[in-house]
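Chemist:
Residue numbers (UniProt numbering): 1 to 281.
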């Protein structure tokens, strides 16, 4: 499978990452919308907010109706109840699609957002035109599962951990400085309760929809960074092999926040995905 070249970020690439104006859906989901054309829905990961998609919003709002949504308990979106599971987050997404009266939509998710997008294509496939699974997990091994469950317990007891995610998500490359600063700021702003609910669902959700991929009929992109220790290239390739129209793209030299640290490379792959009807040759 083709490996994409790394493309470093710059401050210019992330210039759009200030606070974006939000609208609120009828049932409490905050979102930003820009552009016209076919709908592209973007779902961020745990601890982040819709601004984490700034390079993609800037690029694809020129060709699509881009809708970036704050996950429950993040940004401006209302929380889900304590003990919510990933299936509750998927049901939340279905309600959001209803509130915006969206038909068949291309859905890209990052990290837990990827988990939610996988749940969406499994639960209401007729509403998903294509799915992109960025830095998403799949059937963690026992050691990784134990580690993420331990982090979920620590978050419930001690609150939001900022240093741990930054250490896992970024290397020490100078080109990552701006993306790392933004990510730290978003982790500092997140609602602790909303974060704990989401992280607990994320920790226990890696197998909930793992069996769906052989039944997914739409184009399915699985993208991650070559150095992502948790959403590994092996996971991306395994899901791509299971999906009839699935393919994997690995961004060399990058980790978890690859859409920020290698925006040009990621945008090029997403542009390919947005026109694909079959897996690329």
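C-beta: ideal position from N, C-alpha, C; glycine also.
Contact between the segment 120-132 and the segment 96-112: three or more CB pairs below 8 Å?
Modeler: They touch, by the three-pair rule.
Chemist: Over the uninterrupted alpha helix (DSSP H) stretch that includes residue 77, give me the two end residues.
Modeler: Along the chain shown, read from residue 1 onward, the residue named residue 77 stands at position 77. Note, residue 77: premise wrong, no alpha helix (DSSP H); not H, not E.
Chemist: Note down, in chain order, each residue of its chain lying with its Cβ closer than 6 Å to the Cβ of residue 45, except the 5 sequence neighbours on either side.
Modeler: By one-based count along the chain shown, residue 45 stands at place 45. Closer than 6 Å at the Cβ level, and outside the excluded window around residue 45, lie 110, 111, 112, 113.
Chemist: Taking only the alpha-carbon atoms, compute the straight-line gap between residue 307 and residue 120 and give it to the nearest angstrom.
Modeler: The first residue shown for the chain is 1 and the last is 281, placing residue 307 beyond what the model contains.
Chemist: Three or more C-beta pairs under 8 Å: does that hold for the segment 168-183 against the segment 212-224?
Modeler: Three or more beta-carbon pairs separated by less than 8 Å are not found between the segment 168-183 and the segment 212-224, which leaves the two stretches without contact.
Chemist: Here's a check: name, in chain order, each residue in its chain whose Cβ is nearer than 8 Å to the Cβ of residue 214, leaving out the five neighbours to either side.
Modeler: Indexing the chain shown from 1 puts residue 214 at position 214. Within the same chain, residue 214 has close Cβ partners 242, 243, 244.
Chemist: Within 10 Å of its beta-carbon, does residue 70 have 16 or more other beta-carbons around it, so buried, or fewer, so exposed?
Modeler: Against the chain shown, residue 70 aligns to sequence position 70. Burial call: buried.
Chemist: Give a yes or no on whether the minimum CB-CB distance between residue 88 and chain B is below 8 Å.
Modeler: The question asks about chain B, but that chain is absent: this structure has only one protein chain.
Chemist: Let me know the secondary structure DSSP gives residue 1 once reduced to three states.
Modeler: Here residue 1 is taken as the residue at index 1 of the chain shown, counted from 1. Since pLDDT at residue 1 reaches only 42, below the 50 mark, its modelled position is unreliable, and the value read off the structure follows with that caveat. The answer is coil: DSSP assigns residue 1 none of H, G, I, E or B.
Chemist: I want to know whether the segment 250-261 touches the segment 44-64 - three or more CB-CB distances under 8 Å.
Modeler: yes
Chemist: So what does DSSP say about residue 9, is it helix, strand or coil?
Modeler: Counting from one through the chain shown, the residue named residue 9 turns up at place 9. Residue confidence is low: residue 9 scores 46 on pLDDT, short of 50, so the model does not pin down where it sits. Its coordinate-derived value is still stated next. Taken through DSSP and simplified to helix, strand or coil, residue 9 comes out as coil.
Chemist: Once the 5 residues before and after residue 5 are set aside, which same chain residues still bring their CB inside 6 Å of it?
Modeler: Numbered from 1 along the chain shown, position 5 holds the residue referred to as residue 5. Low confidence applies here, because residue 5 scores a pLDDT of 40, under 50, leaving its location unreliable; read the following figure in that light. Taken in chain order, the list of residues that qualify is empty.
Chemist: Is there contact between the segment 57-75 and the segment 189-205, where contact requires at least three CB pairs shorter than 8 Å?
Modeler: Of all C-beta pairs linking the segment 57-75 to the segment 189-205, three or more are shorter than 8 Å, placing the two stretches in contact.
Chemist: Determine the DSSP secondary structure at residue 148, reduced to helix, strand or coil.
Modeler: Numbered from its first residue, the chain shown carries residue 148 at position 148. Residue state, collapsed to three classes: helix.
Chemist: Pick out whichever of 34, 196, 27 has its Cα sitting closest to the Cα of residue 20.
Modeler: Counting from 1 along the chain shown, the entry for residue 20 is found at position 20. Nearest option by C-alpha distance: 34.
Chemist: Looking only at C-alpha atoms, which of 135, 154, 207 sits nearest to residue 261?
Modeler: Numbered from 1 along the chain shown, position 261 holds the residue referred to as residue 261. That would be 135, whose Cα lies nearest to the Cα of residue 261.
Chemist: Just the Cα atoms here: how many angstroms apart are residue 253 and residue 204?
Modeler: In the chain shown, the residue the question calls residue 253 occupies position 253. In the chain shown, the residue the question calls residue 204 occupies position 204. Each residue's Cα considered, the two are about 28 Å apart.
Chemist: Could you spell out the range, first to last residue, of the alpha helix (DSSP H) harbouring residue 60?
Modeler: Stepping through the chain shown from its first residue, residue 60 is reached at position 60. Segment 54-60, the alpha helix (DSSP H) holding residue 60.
Chemist: Grouping DSSP H, G and I as helix and E and B as strand, with all else coil, what is residue 217?
Modeler: In the chain shown, residue 217 corresponds to position 217, counting from 1. It is coil, neither helix nor strand.
Chemist: Counting only runs that start and end within the segment 95-138, where is the beta strand (DSSP E) found for 3 or more residues in a row?
Modeler: The segment 95-138 contains these whole beta strand (DSSP E) runs: 105-110, 128-134.
Chemist: Bridge partners for residue 24 per DSSP, in chain order?
Modeler: Taking the first residue of the chain shown as position 1, residue 24 is located at position 24. The partner list for residue 24 (beta bridge, DSSP) reads 30.
Chemist: What number of angstroms, rounded off, separates the C-alpha of residue 236 from the C-alpha of residue 165?
Modeler: On the chain shown, residue 236 is found 236 positions in, with the first residue counted as 1. On the chain shown, residue 165 is found 165 positions in, with the first residue counted as 1. Approximately 20 Å, taken between the alpha carbons.
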